[in-house]
Each structure stands twice: as C-alpha cells, then as structure tokens.
Amino acid sequence: MTQSVPSSDRIAAAGATAPDGHASPAGSLQGGAESGARTDGSAEEVFVDFRDAGFTYDGERFVFRHLDLTVPRGQFLCLLGGNGSGKSTLAKHVNALLLPDEGEVRVFGCDTRDPEQTYFIRSNAGLVFQNPDDQIVASLIENDVAFGPENLGVPNPELRERVTRALAEVGLMGFEEHETHALSGGQKQRVAIAGVLAMDPAILILDEATAMLDPRGRAGLMRVVRELHVAGMTVVMITHYMEEAAAAERVVVLDGGAVVLDGAPAEVLTRADELRALSLEVPFACRLSLDLQASGVPVRTCVSDDELKEELCALRSKM
1 MTQSVPSSDR IAAAGATAPD GHASPAGSLQ GGAESGARTD GSAEEVFVDF RDAGFTYDGE
61 RFVFRHLDLT VPRGQFLCLL GGNGSGKSTL AKHVNALLLP DEGEVRVFGC DTRDPEQTYF
121 IRSNAGLVFQ NPDDQIVASL IENDVAFGPE NLGVPNPELR ERVTRALAEV GLMGFEEHET
181 HALSGGQKQR VAIAGVLAMD PAILILDEAT AMLDPRGRAG LMRVVRELHV AGMTVVMITH
241 YMEEAAAAER VVVLDGGAVV LDGAPAEVLT RADELRALSL EVPFACRLSL DLQASGVPVR
301 TCVSDDELKE ELCALRSKM
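Number 289 in UniProt numbering belongs to position 289 of the sequence shown; there are no gaps in the numbering.
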C-alpha cells in the first residue's frame, strides 16, 4: 500500500485523530458521553444531542431551528423526510462538518463548535456520503480503503487487517487491486463505506449510502449495517427506502427541519395517512396488510416483508 497524502475533506468525512499534543475531551467514549434520562428513570449514554439547535446556509432561512434530538449510544436510528427536510444537514452536524448557528450540538458529550474537540469527534463519527466520488481518492481499491487509517499512523500489520476486514464486510474481497475508476456506482459506494469502516468509528452515519446500489447490493449492505449494530455500533441512517427504515430500532421523520414523527418502526411506518401527507412512501407490507384488513382478513399491520410473510403463514395454518 502506497503512502497517501492527507486530504482534509476525506479525513473530515471518514474521521480524523488529533495530532500529538492536541487536546482530547475529558473522558473517553466509555465515560465521556453524557447521560440522559430514560422514561423509566434509569440513565443512558447520549452520543448525539441537539439542544435547541438551529442552522442556516444563507443567514436568512433556517434549515432547522429549535431542534431537540438525542441519539443514545448503541441505537440504530433512521432519518426519513422529503427533499429539503434537513436530513443531510443534520447528518453533517453529527460529524461536525457543519456547526449550529443557534443552540448547540454535542457528540460524545463534546460541543461541536469547540475546535479543541473537532479531531476527537471526527475520529469517532464516520460519515458516508450519497455520492461515492466525493470520498474516493486513490486509484486502487486497497489504497483507498487504507487511506484513513494509514494517515492516522496505523501500523502495517493492523492496517492490512482493517482493509481486509472492511472489504469483506462490503463484499469486495478479491477486488484489492482493481482500479476505482473502472467500478460501477454501486461498487464505488461499497469502497467508500469500506474506507469508513476501516477507521473503526463509534458512530456510522449513512447519508443515503445505498442510493446507488441495486436491490441485492442494498440487501447485502443492510446485513452489514445490522451486524455492526448488533456488535454495538451506533448507526444513523438516512434513506428513502422504507424497507431499510423498517430494519432500524427507531425512526425519526423530519419535515421543514422539525421532528414530526418519532418512534419504533411499527409506530411510525404504519401511519399511512401522515406519511402520504409528507410525500413519503408507505411500506409495501404496510399497504398490503391494510388492504387485507379492509377486506376483512384478520392480519396485524406489518412494516416489513418478513413480518408480513410470518403473518400470512400463521393465518394459513389456522385455516
């Protein structure tokens, strides 16, 4: 693997670590994140905390304002919303690529506007963009995936292990020597995701990262994301595919920069009339189960194809 030249854009997206002597936040990810209260009175670590936050690109129209939103450690959160709802802008605040104009955003308990904490935040919050060409910087796949950890000084044996593991996770084992410019859009996106995974982030932020993948590729990537979440990673995913939202632990719907729906997939994705009013697609499983209910078939409202299959199989066994 050749030595890479640091790129501020790539490091900002994939993560960066403070150089020697740069201040780190008090505490680590094990104890540095602040605690928030659960409704049952117990405590939970809060990894992302928007506090009355507001942001504007032009100094006039706010993308979001008075936004309050927390993401606990280990949660798989999916953000939904129409064009211009503020999803991508919010995601870039989690990685400190954008900073709030009002209120504050805290990640791992650190104020994102504090320049002393920028490196720490970006080293632990990996962001994957919608367009992979925004993140691919090397001509060979293995060099591109190695870019981030190599520039952080990860020793060669560990570097190769990280690259191998990341490529395996996105289904690109054996492609190490392939040229990135010759890849399809979906393959490029997998390379971009592998580059972030090689950084071993604590939070994985996917900004419509599956948009350029075919159905098989999306399904494969979602398996990877679910496995990462089960292993303890905090995931923030922006998508317009409802089947991906159904796989999340929590779904938040934005409209005009405000949170209009927030809850478990079964609570949010079954609110068909409200989703349609927001120009969002109602999941196929939900539409079909509602149609069956209207026809007198006793099935519960489902949000995923697997749930619907189980419901129909159970119904058939009773006949």
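Note that CB positions come from ideal geometry on N, CA and C, so glycine has one too. Computed from a predicted model, the values in this text were never measured in an experiment.
query: With a floor of 3 residues, list each beta strand (DSSP E) that falls wholly inside the stretch 270-313, ordered by position along the chain.; result: none
query: Pairing CB atoms from the stretch 158-170 with CB atoms from the stretch 238-249, are three or more of them under 8 Å?; result: no
query: Report yes if the CB atom of Leu254 is closer than 8 Å to the CB atom of Gly148, and no otherwise.; result: no
query: Round the Cβ separation of Leu261 and Glu274 to the nearest angstrom and send it over; I've been treating them as touching at under 8 Å.; result: 7 Å
query: Does the distance from the C-beta atom of Glu208 to that of His229 stay below 8 Å?; result: no
query: Would Ala53 and Glu104 qualify as a contact pair, given that the criterion is a beta-carbon distance under 8 Å?; result: yes
query: If you follow the beta strand (DSSP E) that Asp262 is part of, which residue opens it and which one closes it?; result: 258-263
query: Strictly by DSSP, which residues pair up with Phe147?; result: According to DSSP, which records beta bridges pairwise, Phe147 is partnered with nothing at all.
query: Across which residues does DSSP place Arg106 in a beta bridge pair?; result: Asp49, Asp111
query: What ranges does the alpha helix (DSSP H) occupy inside the stretch 58-144, keeping only unbroken runs of at least 4 residues that lie completely in it?; result: 87-94, 118-124
query: How close, in whole Å, do the beta carbons of Ala285 and Asp305 come, if the pair is a contact with beta carbons under 8 Å?; result: 5 Å
query: Where does Glu249 fall in DSSP's three states?; result: coil
query: So, helix, strand or coil for Leu254, using DSSP?; result: strand
query: Buried or exposed: where does Leu197 fall if 16 or more other Cβ atoms within 10 Å of its Cβ makes it buried?; result: buried
query: For Asp133, which residues of its own chain have a beta-carbon under 8 Å away from its beta-carbon, when the five flanking residues on both sides are left out?; result: Lys188
query: Short check: CB of Val251 to CB of Pro265, under 8 Å?; result: yes
query: For Thr164, report the span of its alpha helix (DSSP H) as first-last.; result: 156-169
query: Which residues does DSSP pair with Ala237 in a beta bridge?; result: Position check: residue 237 holds Met in this sequence, whereas Ala was assumed. Paired residue(s): Cys78, Leu206.
query: Going by C-alpha to C-alpha distance, which of Leu204, Glu116, Gly174 sits closest to Leu140?; result: Gly174
query: Mind the definition here: the stretch 110-118 touches the stretch 59-71 only if three or more C-beta pairs lie below 8 Å; say whether that holds.; result: no
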